[in-house]
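Visitor: Please read through the structure below; I'll follow up with questions.
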Amino acid sequence: MRTDDRANDRGRRTVRRGAVPLLVAAVAVPAFAFAAPAQGAVAQTASTQTVSERAAAPAGQPHVVKIAQQRAAADNVGQIAKGLIDSRLYVTSEAGNVLSPADQNQIKTSLAGDSDADIRAVVVGNNVTRAEVGPMLQAVANRVGKGQTYIAITADGSRMGGISKKLDSKEINQLVTRTNGAPLKERLIRFGGLAEKKVDDDSRSGMIGGFVTLGVLVLVVAGALGAFLVVRKRRREREAQQMADLKAGVQEDVTLLGEDIARLDLNVMDAGLDPEIRADYEHAMDSYDKAKRETDRAARPEDMQDVTAALEDGRYYMTATRARLAGDPVPERRAPCFFNPQHGPSVRDVTWAPPGGMARSVPACAADADAVLHGFDPDVRMVPSGGIRRPYWDAGPAYAPYAGGYYYGYGGFDLLGGLLIGTALGSMMSGGWGGGYGDGFGGDGMGGFGGDGGDIGGGWDFGSGDFGGGGDFGGF
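Throughout the sequence shown, residue numbering follows mature numbering (1 follows the signal peptide of the UniProt record, and there is no 0), covering -33 to -1, 1 to 443 in sequence.
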């Protein structure tokens, strides 16, 4: 073989060997290097095909090698995020040398001054799609971990969009529209200034709204406090009046018991007095004295239960003393007469129904039992209440302890609850307070940027800017 032929053959083998790895690279490199959103700060120069690389391209497939080389040079999310940690601007390799170092410094300085909007910008290639930009910005923001607004703009400055926690999507779109048509550097600087002003305006509006809300809240609280104080004052006045009525009614019972004991006219110093009579009489006097003391001490309706419990005890032993003096059998210790506890121990139960109420069996003294059995009205204990006199079971809740003390040893409120069904006092005794509280709260709230890729969330508002439809990106 001639020398020229051998040289040509070696050249063809070299070309074939060079084509294989380049074709493999074209298949292995992903379609786009943005796995998720990114922000930019450090400008980088897009790689270009060298003369030797073009010489190595196999005939008929130069475009395959060029695409592979361009995609291999594209910046990933990690690179963009790293560049934006300490900078306000990142120019991707795909964007190329669209900004000089001086222009980049001017943009960074301007964006750094827009501290409230807190913007970080990424300059991307003109061929980036709208589907790639939204996830890219989110993922970059997630990795950087700071910054309130991230924007992406194409190298030719024609399309822009962004995400923000300070501006909603409508506001972003308005700012993008206002900067539309400006060159790349001027557009970034102008957008930053407009965004800063908008954030400040929103903040002032929020403060004004907050002050207005606070003022309204103060007025509402003041009104509620005033209403509460008025209601509390009226309640205290009402309770004071109820207590005064109750004490007056109890004092009537105490006085009557004292008068009944005095009518016995016993001389306890008489040596010939029956010891049992003397014991019952002294017991009645002791209970009477206790009732007087407790009445003077009583400050709340609840305190009256001890008073009427002492009155019930004293009235029984006064009745027993009277029976012994008359030579009659000592009466059975039964619950006081339901109709009027001043009548002393009951002697039997009778069926009785309050006006408009259901019939029930109640304990009654001899006189009241006879009246009920013959169709007459019993002698009901009427007590002072609100300037008039009412049956004690209809005189309001203040009289509940009054009634409870009389029947304390016979079932107390449990007994009265059944006897007073259908009355005001009965409803209070048989009623209850229940129910529970819900916490009023739901959900646990989610914050942060979310994961790399996927839908945008975590408090970021997205503006589509002027990224058009079709294959372009926008509306992210």
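Cβ atoms here follow ideal geometry from the backbone N, Cα and C, with glycine treated the same way.
To the nearest angstrom, report how far apart A122 and R171 are at their CA atoms.
Guide: Taking the straight line joining both Cα atoms gives about 35 Å.
Visitor: If you draw a straight line from the alpha carbon of T17 to that of N93, how long is it in whole angstroms?
Guide: For T17, the predicted structure reports a pLDDT of 36, less than 50, and the residue's modelled location is therefore unreliable. The matter cannot be settled from this model.
Visitor: CA-CA distance, D337 and A290?
Guide: Going from the Cα of D337 to the Cα of A290 covers about 20 Å.
Visitor: In terms of DSSP beta bridges, what is T116 paired with?
Guide: Partner(s): I86 and S131.
Visitor: Is K133 buried or exposed, if buried means 16 or more other CB atoms sit within 10 Å of its CB?
Guide: Answer is buried; the Cβ neighbour count reaches 16.
Visitor: For A362, which residues of its own chain have a beta-carbon under 7 Å away from its beta-carbon, when the five flanking residues on both sides are left out?
Guide: Around A362: V350 and S352.
Visitor: If I follow the unbroken beta strand (DSSP E) through T288, where does it start and stop?
Guide: First-last for T288: M271 to A293, but that is the alpha helix (DSSP H), not the beta strand (DSSP E).
Visitor: Quick one: residues in its chain with C-beta nearer than 7 Å to the C-beta of A277, no 5 flanking neighbours on either side, listed in chain order?
Guide: Same-chain partners within the cutoff: S254, K257, A258 and E261.
Visitor: Kindly list the residues whose CB is nearer than 8 Å to the CB of S77, restricted to its own chain and excluding five residues on each side of it in sequence; keep chain order.
Guide: Excluding residues within five positions, the ones whose Cβ falls inside 8 Å are L155, I156, G159 and G160.
Visitor: For Q115, I'd like the list of residues in its chain whose CB is within less than 7 Å of its CB, leaving aside the five on either flank, ordered along the chain.
Guide: If we look at Q115 and ignore the five residues flanking it on each side, its Cβ neighbours are A84, D85, S131, K132 and K133.
Visitor: If you drop the 5 nearest sequence neighbours on each side, which residues of the same chain put their C-beta closer than 8 Å to that of L181?
Guide: No residues qualify anywhere along the chain.
Visitor: Counting C-beta neighbours from all protein chains within 10 Å, is the total for N109 16 or more, i.e. buried, or is it exposed?
Guide: Answer is buried; the Cβ neighbour count reaches 16.
Visitor: Please confirm whether D273 and F306 have their CB atoms less than 9 Å apart.
Guide: Not a contact, by the Cβ cut-off of 9 Å.
Visitor: Let's see if you can read the secondary structure: which residues bound the beta strand (DSSP E) around L233?
Guide: No beta strand (DSSP E) holds L233; DSSP gives it neither H nor E.
Visitor: Starting from M349, follow the beta strand (DSSP E) in both directions and report where the run begins and ends.
Guide: Residues M349 to S352.
Visitor: From A238 to D247, what does the alpha carbon distance come to, in whole angstroms?
Guide: Those two C-alpha atoms are separated by around 16 Å.
Visitor: State whether the stretch 342 to 349 contacts the stretch 183 to 195, with contact taken as three or more CB pairs (one from each stretch) at a distance under 8 Å.
Guide: Flag = no, the stretch 342 to 349 and the stretch 183 to 195 do not touch.
Visitor: Excluding five sequence neighbours on each side, which residues of the same chain lie with their C-beta closer than 7 Å to the C-beta of residue 473?
Guide: It is not possible to answer for residue 473, since the shown part of the chain is limited to -33 through 443.
Visitor: From E299 to E204, what does the alpha carbon distance come to, in whole angstroms?
Guide: Their backbone Cα atoms lie some 43 Å apart in a straight line.
Visitor: Reducing DSSP to helix, strand and coil, say where D53 ends up.
Guide: Coil at D53, not helix or strand.
Visitor: If I follow the unbroken alpha helix (DSSP H) through R260, where does it start and stop?
Guide: Per DSSP, R260 belongs to the alpha helix (DSSP H) from P242 to R264.
Visitor: Measuring straight from C-alpha to C-alpha, what distance separates V339 and Q309?
Guide: Going by the C-alpha atoms only, they are around 18 Å apart.
Visitor: Thinking C-alpha only, which one of V185, N140 and I120 is nearest E153?
Guide: Among V185, N140 and I120, the Cα nearest to that of E153 belongs to I120.
Visitor: Select from R245, Y366, V107 and G372 the residue whose C-alpha is nearest the C-alpha of N234.
Guide: If we check each option's Cα against that of N234, R245 comes out closest.
Visitor: Can you tell me the Cα-Cα spacing of residue 446 and P330, whole angstroms?
Guide: No information on residue 446 is available, as it lies outside the stretch -33 to 443 that the chain covers here.
Visitor: In the structure shown, what three-state DSSP assignment does D237 receive?
Guide: In this structure, D237 counts as coil in the three-state DSSP scheme.
Visitor: As a quick exercise: from K214, R301, V185 and V44, pick the residue whose alpha carbon is nearest that of Y377.
Guide: When only C-alpha atoms are compared, the closest one is R301.
Visitor: Buried or exposed: where does I355 fall if 16 or more other Cβ atoms within 10 Å of its Cβ makes it buried?
Guide: I355 comes out exposed.
Visitor: With distance defined between alpha-carbon atoms, name the residue in P268, E279, D168 and E163 nearest to L223.
Guide: Ranking P268, E279, D168 and E163 by Cα distance to L223 puts E279 first.
Visitor: Please report whether the beta-carbon of I130 lies at a distance below 9 Å from any beta-carbon of chain D.
Guide: Looking at the structure shown, chain D is missing, and only one protein chain is on hand.
Visitor: Check this for me: beta carbons of Y369 and G225, under 9 Å apart or not?
Guide: Going by C-beta atoms, Y369 is not nearer than 9 Å to G225.
Visitor: Would you report the Cα separation of G193 and Q208, rounded to the nearest angstrom?
Guide: Near 23 Å, if we compare the C-alpha coordinates of Q208 and G193.
Visitor: If you drop the 5 nearest sequence neighbours on each side, which residues of the same chain put their C-beta closer than 6 Å to that of W319?
Guide: Same-chain partners within the cutoff: V329 and V339.
Visitor: Out of V111, D227 and P242, state which residue places its alpha-carbon closest to the alpha-carbon of Y283.
Guide: Comparing Cα-Cα distances from Y283 to each of V111, D227 and P242, the minimum goes to D227.
Visitor: Going by Cα to Cα distance, which pick from Q218, D220, L240 and M252 is closest to A229?
Guide: Selected option, being the one with the closest Cα: M252.
Visitor: Can you tell me whether DSSP reads V91 as helix, strand or coil?
Guide: V91 falls in the strand class under three-state DSSP.
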